[in-house]
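In our numbering, the protein residues as written are 5 to 439.
Next up, the structure:
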C-alpha cells in the first residue's frame, strides 16, 4: 500500500510534497504508508478530501512533540505534517494580537514577538519542537498556567480543516469576540480528532521586566502544603507555584520536597515578593532562599520534564491527575503509601495553585505499574478528580486505559465526533472512549 498511496497522492495532487513513511512518524509503533507536507491550508483541504473519499485514516502532526499522548490508533494510513504552514499571517503589536499558522514552533513565535518585547504566555514542554497546532490540539501548558491560564484563555480565533476537507473558522482576531458558538474550545484539546488546526489568533502579552523565584525546602509534603496555604492566603500572586518531591533526577537532586514560587513583573516589586515569600516559607518550617543563578536553567528543565524524564531501569510512565487544589494533599498521601507498598519508584510535580499532579513512576514490570496507576486513578476519582496516562510504551497502554472511565459526557463527545467526522478518519481510536 505504501508505494501505491504515495503514487496516488502525487498523481492526484501534483506539487504536494509526499514520501513513504518511516519509523520517525509512527504512532505507538503503528507506521503509516505515507506522510504529506502541505504548505498551505488549501493543500491541507485537498489532502483531507482525498483521505475522506478513500476513507484513509489520518494523523495530523506538527513537530512530533506530543505524539505519545492518547491511545494507540486503531489504524493509520497517512500522516499530515503541518510544519510547512509556518507563516505569521498577521501581527499587530499595538493591538496585542497575532495570527499564526499552525506549523510555527512556539520557540520561533517567541523570537518574533520578542522583537517587540512581547510573548505568548504558554510554556509547554519542548517549545523548540512544539508547534502552535500541536500545542492547541493537545492543550499543553506548563508552570505559567497559574498566572496566565491555558491556550483556551488566550486563543481568540481558529481556522481548521474538517475531515471532508471543509475549512471552517471560529472567532476572529479581536480580543473581545462574542459572536456565535465558541468552536475554539472544541478544537483545543481534541487531539486532532475533529479537525486539523491550520491557523490561530492569539492575545499576546508584554514581556515582564523581571522574573524571580523563591524556593522553600521541606522534609515532608505536609509541611510544604502548609506553606502553600499560607502563600495562597497572602496578597502575593505567583505566576507559577510548583511542589516537587521524590526521584526527579537533576531537577530535584537533593531529595525532600521543594516549593518554587515564581513571580513576574516590575523588578523591585518582584524582589520584594520573593523576599517576603521566603519569610512565609520559613514561618512554615522550611529553609528558604532565592533561586538566582539557577533561574535560567531550572524552569526550562521543569517545563520539559514530561518529555525528557526516563526511568532509570524497568518500566516507566508519566501520569497526570487533576482535582481541586484542596484535595491534592489527600490524594498524595493515599498514593505515596500505595506506591511504597508496591516498590514503585516515584517523583511528583504538583501545580499547587491549579490542582494538577504529574507523577513520574517506575516499576520492575508493566503489571506492577498498571496496578499502581489504577489505584492512583481510583484515589483521584474518589476525590472528584481524574487521572490520565500521558506517556507510556505500547505494552503498558495495552494493560491500562490511558484516559480512564468517563461519565455521561462521553456520549456528547461521541455525538460531536459523529457530526464533525462521521467516517472516523481523523486519529481513530486515540481519544477518550476510543473516539
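Just so it is clear, CB atoms sit at the ideal spot from N, CA and C, and this is done for glycine as well.
Whole angstroms are fine: how far does the CA of residue 122 sit from the CA of residue 282? By one-based count along the chain shown, residue 282 stands at place 278. By one-based count along the chain shown, residue 122 stands at place 118. Near 29 Å, if we compare the C-alpha coordinates of residue 122 and residue 282.
Residue 285 versus residue 248 - alpha carbon distance: Taking the chain shown and counting its residues from 1, one reaches residue 285 at position 281. Taking the chain shown and counting its residues from 1, one reaches residue 248 at position 244. Each residue's Cα considered, the two are about 15 Å apart.
Return the CA-CA distance between residue 242 and residue 225, expressed in angstroms with no decimal places. On the chain shown, residue 242 is found 238 positions in, with the first residue counted as 1. On the chain shown, residue 225 is found 221 positions in, with the first residue counted as 1. When only Cα atoms are considered, residue 242 and residue 225 end up about 20 Å apart.
Helix, strand or coil at residue 401 according to DSSP, with G and I counted as helix: Here the question's residue 401 lines up with position 397 in the chain shown. Assignment of residue 401 by DSSP, reduced to helix, strand and coil, places it in the helix class.
Selection from 233, 10 and 54 that minimises the alpha carbon distance to residue 287: Numbered from its first residue, the chain shown carries residue 287 at position 283. The residue with the shortest Cα to Cα distance from residue 287 is 233.
State the beta-bridge partners of residue 64 as determined by DSSP. In the chain shown, counting from the first residue as 1, residue 64 sits at position 60. DSSP lists 84 as partners of residue 64.
Limits of the alpha helix (DSSP H) - the one that residue 302 falls within: Translated into the one-based positions of the chain shown, residue 302 becomes position 298. 299-312 is the span of the alpha helix (DSSP H), which, as asked, contains residue 302.
Do you know offhand how far residue 268's Cα is from residue 30's? Position 264 of the chain shown, counted from the first residue, corresponds to residue 268. Position 26 of the chain shown, counted from the first residue, corresponds to residue 30. Their Cα atoms are separated by approximately 40 Å.
How many Å lie between residue 363 and residue 19 at the Cα? One-based indexing of the chain shown puts residue 363 at position 359. One-based indexing of the chain shown puts residue 19 at position 15. The C-alpha of residue 363 lies about 46 Å from the C-alpha of residue 19.
Cross-strand partners of residue 291 (DSSP beta bridge): Start at 1 with the first residue of the chain shown, and residue 291 comes out as number 287. Beta bridge pairing from DSSP links residue 291 with 221.
Could you give the C-beta distance for residue 109 and residue 131, rounded to a whole number, given that I count them as a contact under 8 Å? Within the chain shown, numbered from 1, the residue matching residue 109 stands at position 105. Within the chain shown, numbered from 1, the residue matching residue 131 stands at position 127. Contact holds; Cβ gap of about 7 Å.
Candidates 107, 102, 50 and 128: closest to residue 118 by CA position: By one-based count along the chain shown, residue 118 stands at place 114. Its Cα nearest to that of residue 118, the residue 102 stands out among 107, 102, 50 and 128.
Grab me the residues of residue 410's own chain with a C-beta within less than 7 Å of its C-beta, minus the 5 sequence neighbours each way, in chain order. What you label residue 410 is simply residue 406 of the chain shown in a count that begins at 1. Answer for residue 410: 436 and 437, listed in chain order.
For residue 378, does the three-state DSSP call read helix, strand or coil? Here residue 378 refers to the residue found at position 374 when the chain shown is read from its first residue. Reduced to three states, the DSSP call for residue 378 is helix.
So does the region 69-85 actually touch the region 23-40, counting three or more Cβ pairs closer than 8 Å? Remark: three or more beta-carbon pairs, one from each stretch, lie closer than 8 Å, so the region 69-85 and the region 23-40 are flagged as touching.
Taking only the alpha-carbon atoms, compute the straight-line gap between residue 34 and residue 427 and give it to the nearest angstrom. In the chain shown, residue 34 corresponds to position 30, counting from 1. In the chain shown, residue 427 corresponds to position 423, counting from 1. Distance between residue 34 and residue 427, taken at the CA atoms: about 20 Å.
So, do the region 384-394 and the region 273-281 have three or more beta carbon pairs nearer to each other than 8 Å? The region 384-394, when compared against the region 273-281, does not touch it at the 8 Å Cβ threshold.
Measure the C-alpha to C-alpha separation of residue 219 and residue 391 and round it to an integer number of angstroms. For the purposes of this step, residue 219 is identified with residue 215 of the chain shown, where counting begins at 1. For the purposes of this step, residue 391 is identified with residue 387 of the chain shown, where counting begins at 1. Going by the C-alpha atoms only, they are around 28 Å apart.
Span separating the alpha-carbon of residue 360 from that of residue 23: Within the chain shown, the letter at position 356 stands for residue 360. Within the chain shown, the letter at position 19 stands for residue 23. Near 40 Å, if we compare the C-alpha coordinates of residue 23 and residue 360.
Can you say whether residue 172 is buried or exposed, counting buried as having 16 or more other CB atoms within 10 angstroms of its CB? Here the question's residue 172 lines up with position 168 in the chain shown. With fewer than 16 Cβ atoms within 10 Å of its Cβ, residue 172 is classed as exposed.
Can you grab the Cα-Cα spacing for the pair residue 354 / residue 266, in whole Å? By 1-based counting over the chain shown, the position of residue 354 is 350. By 1-based counting over the chain shown, the position of residue 266 is 262. Answer to the nearest angstrom: the Cα atoms are 14 Å apart.
By DSSP, does residue 139 sit in helix, in strand, or in coil? Numbered from 1 along the chain shown, position 135 holds the residue referred to as residue 139. Residue state, collapsed to three classes: helix.
Could you pull out every residue in the same chain whose Cβ sits closer than 7 Å to the Cβ of residue 379, ignoring the five residues on either side in sequence? As a first step, residue 379 is located in the chain shown; it is residue number 375 there, counting from the start. So the list reads 342, once near-sequence residues are dropped.
Could you say which of 43, 58 and 70 lies nearest to residue 91 if we only look at CA atoms? Start at 1 with the first residue of the chain shown, and residue 91 comes out as number 87. Cα-wise, what sits closest to residue 91 is 43.
Where do the N-terminal and C-terminal ends of the alpha helix (DSSP H) with residue 331 fall, by residue? The residue you call residue 331 lines up with position 327 of the chain shown. No alpha helix (DSSP H) contains residue 331, which DSSP labels as neither H nor E.
For a quick check, are the C-beta atoms of residue 252 and residue 313 less than 9 Å apart? By one-based count along the chain shown, residue 252 stands at place 248. By one-based count along the chain shown, residue 313 stands at place 309. Taking 9 Å as the Cβ cut-off, residue 252 and residue 313 qualify as a contacting pair.
Three-way DSSP call (helix, strand, coil) for residue 41 in this model: The sequence position of residue 41 within the chain shown is 37, counting from 1. Here residue 41 sits in strand by DSSP.
Looking at C-alpha atoms only, which residue of 309, 367, 196 and 289 is the closest neighbour of residue 432? Here residue 432 is taken as the residue at index 428 of the chain shown, counted from 1. Nearest of 309, 367, 196 and 289 to residue 432, Cα basis: 196.
According to the Cβ coordinates, are residue 144 and residue 129 closer than 9 Å? Walking along the chain shown from the start, residue 144 turns up at place 140. Walking along the chain shown from the start, residue 129 turns up at place 125. Taking 9 Å as the cut-off, the Cβ atoms of residue 144 and residue 129 count as close.
Could you give the residue range of the alpha helix (DSSP H) that holds residue 241? Looking up residue 241 in the chain shown gives position 237. Annotation: residue 241 is outside any alpha helix (DSSP H) and is labelled neither H nor E by DSSP.
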